[in-house]
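In UniProt numbering, the protein residues as written are 1 to 60.
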Amino acid sequence: MLECAQRSLLLVDHSKFGKTATHAYGDIGHYDRVVTDRGTPAEELTALRRRGVTVGVADV
1 MLECAQRSLL
11 LVDHSKFGKT
21 ATHAYGDIGH
31 YDRVVTDRGT
41 PAEELTALRR
51 RGVTVGVADV
């Protein structure tokens, strides 16, 4: 489904970073934009941006 989409967005809170998932739907680098919250570590945000992902941080 990601391959067919014109754009893809992933909404994920800070608690999901730095963990190994038992199931994943695509690689995070396949998303055009990732929106997360201010609790996400800066190094995780930097890693996403280095992969070419646009990152949005919500003020929640």
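All C-beta atoms, glycine included, are put in the ideal place defined by N, C-alpha and C.
Count the other C-beta atoms from every protein chain shown that fall within 10 angstroms of the C-beta of residue 102, then say buried if there are 16 or more, exposed otherwise.
Outside the modelled stretch of the chain, which goes from 1 to 60, sits residue 102, for which no answer is possible.
Please list the terminal residues of the continuous alpha helix (DSSP H) segment that includes PRO50.
According to the sequence as given, residue 50 is Arg; it is not Pro. ARG50 -> alpha helix (DSSP H) spans 42 to 50.
DSSP on GLY56, reduced to helix/strand/coil?
Note: GLY56 maps to strand in three-state DSSP.
Let me check understanding here. Comparing Cα to Cα, which of GLY26, ARG33, TYR25, LYS19 lies closest to PRO41?
When only C-alpha atoms are compared, the closest one is LYS19.
Using a Cβ-Cβ cutoff of less than 8 Å, which residues in the same chain neighbour ALA58 once the five nearest sequence positions on both sides are dropped?
So the qualifying residues of the chain are VAL35, THR36, ASP37, ARG38.
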